[in-house]
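Below is one structure, written out as structure tokens, with a few remarks after it.
4 protein chains.
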Amino acid sequence: MVGGGPGAFIGGVHRMAARLDDRWELVAGAFSRDPDRARAAAANLHISPGRAYPDFRAMARAEAARADGIDAVSVVTPNASHHAVARAFLDAGINVICEKPMATALPDALDLVRAAREGGRAFVLAHNYTGYPMVRQARAMVAAGELGAIRVVQAEYPQDWLATRLEDTGNRQAAWRVDPAQAGPAGSLGDLGTHAHHLTEFVTGLRLEAVCADLQAFVPGRALDDNAHVLLRFRGGARGALWSSQVSPGNENALRLRVYGEKAGLEWSQEHPNQLRFSPLGEAPRTLARGGAGGLHPAAAAATRLPAGHPEGYLEAFAQLYRDAAEIVAARMEGREPDPLASQVPTAEDGARGVRFLEATLESSRRGVWINAALDP
Amino acid sequence: MVGGGPGAFIGGVHRMAARLDDRWELVAGAFSRDPDRARAAAANLHISPGRAYPDFRAMARAEAARADGIDAVSVVTPNASHHAVARAFLDAGINVICEKPMATALPDALDLVRAAREGGRAFVLAHNYTGYPMVRQARAMVAAGELGAIRVVQAEYPQDWLATRLEDTGNRQAAWRVDPAQAGPAGSLGDLGTHAHHLTEFVTGLRLEAVCADLQAFVPGRALDDNAHVLLRFRGGARGALWSSQVSPGNENALRLRVYGEKAGLEWSQEHPNQLRFSPLGEAPRTLARGGAGGLHPAAAAATRLPAGHPEGYLEAFAQLYRDAAEIVAARMEGREPDPLASQVPTAEDGARGVRFLEATLESSRRGVWINAALDP
Amino acid sequence: MVGGGPGAFIGGVHRMAARLDDRWELVAGAFSRDPDRARAAAANLHISPGRAYPDFRAMARAEAARADGIDAVSVVTPNASHHAVARAFLDAGINVICEKPMATALPDALDLVRAAREGGRAFVLAHNYTGYPMVRQARAMVAAGELGAIRVVQAEYPQDWLATRLEDTGNRQAAWRVDPAQAGPAGSLGDLGTHAHHLTEFVTGLRLEAVCADLQAFVPGRALDDNAHVLLRFRGGARGALWSSQVSPGNENALRLRVYGEKAGLEWSQEHPNQLRFSPLGEAPRTLARGGAGGLHPAAAAATRLPAGHPEGYLEAFAQLYRDAAEIVAARMEGREPDPLASQVPTAEDGARGVRFLEATLESSRRGVWINAALDP
Amino acid sequence: MVGGGPGAFIGGVHRMAARLDDRWELVAGAFSRDPDRARAAAANLHISPGRAYPDFRAMARAEAARADGIDAVSVVTPNASHHAVARAFLDAGINVICEKPMATALPDALDLVRAAREGGRAFVLAHNYTGYPMVRQARAMVAAGELGAIRVVQAEYPQDWLATRLEDTGNRQAAWRVDPAQAGPAGSLGDLGTHAHHLTEFVTGLRLEAVCADLQAFVPGRALDDNAHVLLRFRGGARGALWSSQVSPGNENALRLRVYGEKAGLEWSQEHPNQLRFSPLGEAPRTLARGGAGGLHPAAAAATRLPAGHPEGYLEAFAQLYRDAAEIVAARMEGREPDPLASQVPTAEDGARGVRFLEATLESSRRGVWINAALDP
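Respectively, the protein sequence lines represent chains A, B, C and D. Numbered by my numbering, the letters in the first sequence go through residues 5 to 381 in order. Numbered by my numbering, the letters in the second sequence go through residues 5 to 381 in order. Numbered by my numbering, the letters in the third sequence go through residues 5 to 381 in order. Numbered by my numbering, the letters in the fourth sequence go through residues 5 to 381 in order.
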């Protein structure tokens, strides 16, 4: 693991997620740029001192050289360093599990796509919401044609925790997110909007074509957007809207996706993730449940641990990425194809499309016009 | 009443709404352009034959001439004739309760504004959703500063009943709504979006400044939009998004408004109208209920008939417009100011802003740019 | 109308309900035992002075004698006088719409059953919750075998408004409900439990066989129960539980019914009455909606006024009883059978079973044993 | 671990729960009475062959003798063997984490209470639902007097998976639950009702005094109840009702608790465990959320891993018991008092009260009368 030292949030989540299904063991790390903090974190995590590294480059070199070197690295640093860290490990021949966004500029993202492809290494992007069983169910239903051709996609991810200048209070999570040097050029859009964007593509299988956006920084003094409205056009004619916000009181992590096709609609909410509302046109809406009556697609069934009615949450969804990553890495090491159900995890290509979405949206908001957002126009 | 003959929908709603609070009696009508249908409707409604008119102009003239002529007319014809009918009655000195949109072109709307103002007659626009007690509560809370300055407004009104070519099946309600000659230049936007637009202004007290829109006709062969996405900019800096749709399976009349201010957020859904979610920043969200514990603003309390827990619905909200209209008309006849709580009903000016919103949105979608939507730019 | 003068609640509800569908006109009344209040109420309601009666017996006599006498009387007095008033009108040959419970003792209830039957007059009991379309849908689904044999019935009706000694504050609604002289021997059980009990029988078609109960008066100084738990055994083997409460904070009129059969389950909540959750065993639960996709039984469709998505509420459900009563009275006057769909309204026999339920439950709670609750043991 | 071999359900849950917070390592086991299955399970779980035991007595003896013997054993066998297994480990001086119910007869339960107390060993009963943060919040709120004196407690735990003879289809989970030899004398009551009963006492701090019950076996041929209704009387005067069912279609694990006091009410549902509805009398109900705005009691905050809006589920609640057990065991080994927040885990005494509840309820249903259910009458 690179990053995830004391005071970090997402690093601890990655560790719990990796542990849950007993497919990974944490054995090495560069947990902080501050040597003392790095050492303390390593000790706390029972990492042997020899594998607690002062910096990520040293770690990549050393682990690549060991016979029992790590199978993969988790990159959980702030956004601005994702590219450099991931690139170092890919160069060292080590598989990468990387926090999103994979980079803060498109060339860097494409560079990682190329490096992963040419080096033959796995690159798993931590769009963790795709690990929820009912999100995979939604994807499988669309793929199976149960909604017909998709017409409308509504995605939103509002929060409220940055409705005031929390960044002035010593909150480290807030501070890096509103700082362009650490977060990159997008605020709510980068932190939340990229999740929502990826979810639209993950579930519908559609590819974004163009965006028209209006970004705001409502909280005085803020350099990055804390609210973003985006109109979406997908290839093939589907339309949609995306909203990310950090300033909407009453919303915690209210990620929500609604997909409407010619034959049916789907609605899913991250805060109640075990249900999926399915509305075939002309029939009464039904509430599909994780593990529940009526049966789910294999992709959903494979992503769950518990029978119906015992809720799974965020950690389980996150753990699914690690479980899938274990299968992918094992398959590479064993020279076989991975289980197709494990191959749904977000890839470097997905990450590059996400960076393209960010750049197009920022430009659209600046110029007040539609901007092409396809990766390969 | 003009319109509302056999096969019509909204006319019957107006009649039930007018009856509920026992402030109006239906005594005259021009129910159909077809004389036989008009006569049949009148008989069915216990209208004396002498006051069952063959056309609206005759009715306006005759009723204006009677000592016991009508106090007000309800205009419930398809959109395209609203202006002509309403104008005829205003010219005859008769108060008007008019279905929305008040006109299909801005000059006509402004003409009605002028006619009502100059003639000193009441013009009540049937944006019936504003009659819901919890909508009035929301408006009163914003006005009282309980949300602080408004930042974000999310309005949506999706339906699914026109997801297929229902207009080809003999359904009259569908047929006129997709026909530009009867519905005017907007489809879902005119039928649903105008309600959503009015609700944003009614609740927030803000005025729309500019729109950027993307309208689609998804169902093949349709001339008018059946789905509309609109980005909103309000004067003073608030931003928002509006979505109307007739093609989103699983949505019946899913009008929903969410308003976020510096201090709190509000969420309301028309399909469960007796509740209002209020989320003060940093506090647990609370569920305000019509008539319920904790108390409501007088504007909400005045718009309800039943104690808490016994749901009121669409007809009661609609009836509120008629109850308010009765007070306004009585006040004019008695030469006094009406009760301020009754004065919240949508006016001709509101209607004109709604037509301006329609025209700006249509233009924005055609040109792919932001369009000024203020009535007095 | 008898009762329903100034300060009363349910009388006004009856009047709105009667008016909504334009099948009844209020033309006579004995609105209060206080002559001044009675006169004032009559004037307020536009009743001609000659038909504003000082007491119900005078009214029954006079109206029976008129050629244009009333078609039916609404009895909306406190519980203790229901029997005497209803009996007077039945004796005068006048149809009766009566508030529940129809009597406070079983012999009186059976007396009304007999009087209605022998006099050939309609007796409609105002168990108004049975007028909700989705309650009628539930009944039709059970009758059609869609649930299979019923096993479990859970009924509850909690409120919170009497959690403190509201009766000491001058609240008239509270005062009569806690006074045995006016309310009869049951408190929450009579006011709420009888509704819940009737609903179980209305929807399932089952007949109660025995009860085992535990009643409490939690608020100090109260003579009647303000909370009641009842175990239910139905003929044929179904079991259930019923809970009524006036002291459960956070509940307004939270009447809720859940019915589970061999093949499916149904859940309905009065505070969101336009939906019905239907769960066929082994399939995903579906949300049936009033007027909604997938279609309802004719009994439900006949009890609604609006298309899907525009909520109907308590007044509409109440109005349904009046609409049905109008059909029943008209059929009697025309010497024909009423529309079977209108014949679902609660009858005198239903009311007598309700009184039997009350008496058995009170006895069970006193003695701590199961008590037979069948009307004809 | 004892039990939890191939085909078992709850054993795997215990393992994930133990792993999540990195406080336990699985190093020994007697996973099945079938030696082959036991060996296979051990290998699969990376247990060294020398610590994969053929039976629990051998395991207790051997582990007690090792210097690096286990710190605690998890007992996850069917109900009938809980007592024997737990007793063996307590006798060997080993701490016990035991599935519920702790025994199938009261003397056995009391025997474990005594053995744990006299041996000075920890006994943690896996009433896992008490690990949910919002359940701990509810308990803390009641303890802090935020509800006032408790009046009414409604507990229910319906399921539907045994609505047909699933036990005939080879389903092992179903088979042991309906078999008195393995499950003990109670069916739904033992499997579900004991959870609901414990939750009432855990949250309210009240002690059960008497029960009056009606148990049924609806599915033909079943020896144990698959539905149970129980009236509850608590010491001090609170009343309640409890319902457990395995035959109610549309319910997965619909455990739900509602508690009403003089000052406020609380409602919690296991299927949406991150929220708690809190209704102070006379105020609007509020939705408290795990980690959410407004703050929670320390007991709740200590039982969660994630910030607000990212749902935690059943595994996290279960893991909380293991986290607390780790603290308790560590404190004993270190000769100090455990963190009081960790001391909320259900104990042997709680388990004995649960067995008393079972026996009293079974007797009440047989005899049709109220039965004293206090442990120390």
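Built from N, CA and C at the ideal position, the CB exists for glycine as well.
Quick one: which residues of the region 271-291 of chain D get their C-beta closer than 7 Å to a C-beta of chain B? List them in chain order.
Result list: G286, E287, A288, P289, R290 and T291.
Anything in the region 95-112 of chain A with a Cβ closer than 7 Å to a Cβ of chain B? List those residues in chain order, please.
Going along the region 95-112 of chain A in chain order, one finds no residue with a Cβ nearer than 7 Å to chain B.
If you follow the beta strand (DSSP E) that D40(B) is in, where does it begin and where does it stop?
The count along the second sequence starts at 1 and reaches residue 40(B) at position 36. In the DSSP assignment, D40(B) falls outside any beta strand (DSSP E) and within the unbroken alpha helix (DSSP H) covering P39 to N48.
Say whether chain A places a C-beta atom closer than 9 Å to the C-beta of V251(B).
The residue given as residue 251(B) occupies position 247 in the second sequence. For V251(B), the answer is yes, since a Cβ of chain A falls inside 9 Å of its Cβ.
So which residues on chain A does A297(C) lean against when the C-beta distance must stay under 9 Å?
If you number the third sequence from 1, residue 297(C) lands on position 293. Simply S283, P284, L285, G286, E287, A288 and P289.
Tell me, please, whether the CB atom of G241(B) is closer than 9 Å to any CB atom in chain G?
Considering every chain present, this structure includes no chain G. Its protein chains are A, B, C and D.
By how many angstroms is the C-alpha of A22(C) removed from the C-alpha of M337(C)?
Looking up residue 337(C) in the third sequence gives position 333. Looking up residue 22(C) in the third sequence gives position 18. So the alpha carbons of these two residues sit roughly 19 Å apart.
Classify A245(A): buried if its beta carbon has 16 or more other beta carbons within 10 angstroms, exposed otherwise.
The residue you call residue 245(A) lines up with position 241 of the first sequence. Burial state of A245(A) is buried, judged by a 10 Å Cβ sphere holding 16 or more other Cβ atoms.
Listed by chain order, chain B residues near A293(C) by CB distance under 7 Å
As a working note, residue 293(C) is residue 289 in the third sequence. Correct list: E256.
Using CA atoms only, rank isn't needed, just tell me which of I375(B), G73(B), A120(B) and D40(B) is closest to V31(B).
Taking the first residue of the second sequence as position 1, residue 31(B) is located at position 27. It is G73(B).
Which word fits D40(B), buried or exposed, when buried means at least 16 other C-beta atoms lie within 10 angstroms of its C-beta?
Residue mapping note: residue 40(B) aligns to position 36 of the second sequence, counting from 1. Looking at its Cβ environment, which holds fewer than 16 other Cβ atoms inside 10 Å, D40(B) is exposed.
Could you give the DSSP three-state label for P381(D): helix, strand or coil?
Here residue 381(D) refers to the residue found at position 377 when the fourth sequence is read from its first residue. Residue confidence is low: P381(D) scores 46 on pLDDT, short of 50, so the model does not pin down where it sits. No coordinate-derived value is stated.
Going along the chain, which residues of the region 303-317 of chain A sit with their C-beta nearer than 9 Å to a C-beta in chain D?
Result list: R309, L310, P311, A312, G313, H314, P315, E316 and G317.
Once DSSP output is grouped into helix, strand and coil, what is the label at S3(A)?
Only positions 5 to 381 of chain A appear in this structure, which leaves residue 3(A) out of reach.
Got a sec, what are the start and stop residues for the beta strand (DSSP E) R237(C) sits in?
Counting from 1 along the third sequence, the entry for residue 237(C) is found at position 233. Unbroken beta strand (DSSP E) run through R237(C): N231 to F238.
Is the Cβ-Cβ distance between T208(D) and L285(C) less than 9 Å?
Within the fourth sequence, the letter at position 204 stands for residue 208(D). Within the third sequence, the letter at position 281 stands for residue 285(C). By the CB criterion at 9 Å, T208(D) and L285(C) fall outside the cutoff.
Give a yes or no on contact between the region 353-366 of chain A and the region 100-107 of chain A, applying the rule of three or more CB pairs nearer than 8 Å.
Yes, the region 353-366 of chain A is in contact with the region 100-107 of chain A.
Sorted by chain position, which residues of the same chain lie with C-beta nearer than 7 Å to V333(C)'s C-beta, five sequence neighbours on each side aside?
Indexing the third sequence from 1 puts residue 333(C) at position 329. If the five residues before and after V333(C) are omitted, its C-beta is found closer than 7 Å to the C-beta atoms of D75, A76, N99 and A126, all from its own chain and listed in chain order.
Tell me the start and end of each unbroken alpha helix (DSSP H) in the region 249-328 of chain B that is at least 4 residues and wholly inside, in chain order.
Qualifying alpha helix (DSSP H) stretches, in chain order: 302-305.
Pull up the distance between the alpha-carbon of S36(B) and that of A44(B), whole angstroms please.
Counting from one through the second sequence, the residue named residue 36(B) turns up at place 32. Counting from one through the second sequence, the residue named residue 44(B) turns up at place 40. Each residue's alpha carbon lies about 10 Å from the other.
Closest Cβ-Cβ distance between G16(A) and chain D: below 9 Å?
On the first sequence, position 12 is the one that residue 16(A) refers to. By this cut-off, G16(A) is an interface position.
In the structure shown, what three-state DSSP assignment does F206(A) receive?
By 1-based counting over the first sequence, the position of residue 206(A) is 202. Of the three classes helix, strand and coil, the one that applies to F206(A) here is helix, per DSSP.
At a CB distance below 7 Å, what residues from the region 194-222 of chain D approach chain C? Give them in sequence order.
Residues C216, D218, Q220 and F222.
Return helix, strand or coil for R55(C), following the three-state DSSP convention.
Within the third sequence, the letter at position 51 stands for residue 55(C). Taken through DSSP and simplified to helix, strand or coil, R55(C) comes out as helix.
Is there at least one Cβ from chain B nearer than 9 Å to D164(A)'s Cβ?
For the purposes of this step, residue 164(A) is identified with residue 160 of the first sequence, where counting begins at 1. D164(A) counts as touching chain B.
Please name the residue or residues paired with E160(D) in a DSSP beta bridge.
The residue given as residue 160(D) occupies position 156 in the fourth sequence. For E160(D), which the question treats as bridged, DSSP gives the partners W247(D) and R260(D).
Span separating the alpha-carbon of L88(C) from that of D218(C):
For the purposes of this step, residue 88(C) is taken as the residue at position 84 of the third sequence. For the purposes of this step, residue 218(C) is taken as the residue at position 214 of the third sequence. Note that residue 88(C) is Ala in the sequence shown here, rather than Leu. Cα to Cα, A88(C) sits roughly 31 Å from D218(C).
Return the Cβ separation of F361(C) and L210(C) in integer angstroms, given the expectation that the two are a contact with Cβ distance under 8 Å.
Working through the third sequence from its first residue, we reach residue 361(C) at position 357. Working through the third sequence from its first residue, we reach residue 210(C) at position 206. Not really, about 13 Å apart at Cβ, beyond 8 Å.
Cβ neighbour criterion (16 or more within 10 Å) applied to G313(C)
By 1-based counting over the third sequence, the position of residue 313(C) is 309. Taking a 10 Å sphere around the C-beta of G313(C), we find 16 or more other C-beta atoms and assign the residue as buried.
If contacts are defined as beta-carbon pairs under 8 Å, then A144(B) and P253(A) qualify, I think. What distance do you get, rounded to the angstrom?
For the purposes of this step, residue 144(B) is taken as residue 140 along the second sequence, with counting starting at 1. For the purposes of this step, residue 253(A) is taken as residue 249 along the first sequence, with counting starting at 1. Between the beta-carbon of A144(B) and that of P253(A) there is about 18 Å, and that puts the pair past the 8 Å contact cut.
Chain-order list of residues whose beta-carbon lies under 8 Å from that of R19(B) (same chain, five-residue window excluded):
As a first step, residue 19(B) is located in the second sequence; it is residue number 15 there, counting from the start. Around R19(B), the same chain offers M5, G8, L30 and L49 as residues with beta carbons nearer than 8 Å, after the five sequence neighbours per side are excluded.
Considering Cα atoms alone, identify which of D164(C), W165(C), V156(C) and Q163(C) is closest to Q163(D).
In the fourth sequence, the residue the question calls residue 163(D) occupies position 159. Taking the Cα of Q163(D) as reference, the smallest distance to any Cα among D164(C), W165(C), V156(C) and Q163(C) is reached at V156(C).
Locate the beta strand (DSSP E) running through A34(D), then write down its first and last residues.
Mapped onto the fourth sequence, residue 34(D) falls at position 30. Taken as a continuous stretch (DSSP letters only), A34(D) belongs to no beta strand (DSSP E), as it is neither H nor E.
What three-state label does DSSP hand L219(A) in the structure shown?
Position 215 of the first sequence, counted from the start, is the residue given in the question as residue 219(A). Three-state DSSP puts L219(A) in a strand.
Residue from N257(D), L114(D) and E266(D) with nearest C-alpha to H276(D)
Taking the fourth sequence and counting its residues from 1, one reaches residue 276(D) at position 272. Out of N257(D), L114(D) and E266(D), N257(D) has the C-alpha closest to the C-alpha of H276(D).
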